[in-house]
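Numbering of the sequence shown is given in the working numbering, commencing with residue 314 and proceeding in unit increments.
Beta carbons: idealized from backbone N, C-alpha and C, even for Gly.
For reference, the structure is listed below as structure tokens.
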Amino acid sequence: MKTRIVTYLAAIAAILFSCSLLSSCQSPEEKVISQLESLCKTVEKDSFTADEIDSVQDKFEEVNEAAKACHFTAEQVKEVTKLKVRFTKGIAKKAAEHVGSTLDGLIEGLSSD
């Protein structure tokens, strides 16, 4: 039993070490692009709600601050711009859905009175 637990913990440690090793090989520019891609995927998920917008926007601001210190190539600038537009569209879509559902609830509430 103890051997199984030790083996399990060693496997988890190995996975975490390899993940950190892979991410440490990225340049600051690649990290920013990767983080932006991750944020885009987050806001495009069906499970993403309007309640989570503030926390995601805070993370987006952190990534933007990190981007200011980067020296992007012309190709990377295009990618960053495309990802920022994609993120903004995703946030706008979720905000519009939230406003729409709020208005629907308001109209239903008014019509039932």
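Residue i - DSSP class collapsed to helix/strand/coil
| i | result |
| --- | --- |
| Cys353 | helix |
| Ala382 | coil |
| Phe361 | coil |
| Ser340 | coil |
Beta carbon of residue i nearer than 7 Å to that of residue j
| i | j | result |
| --- | --- | --- |
| Leu396 | Cys353 | yes |
| Ala379 | Lys407 | no |
Nearest-angstrom beta carbon gap, residue j and residue i [assumed within contact, 8 Å]
| i | j | result |
| --- | --- | --- |
| Val345 | Val393 | 7 Å |
| Val390 | Gln348 | Not really, about 16 Å apart at Cβ, beyond 8 Å. |
| Phe385 | Glu342 | 5 Å |
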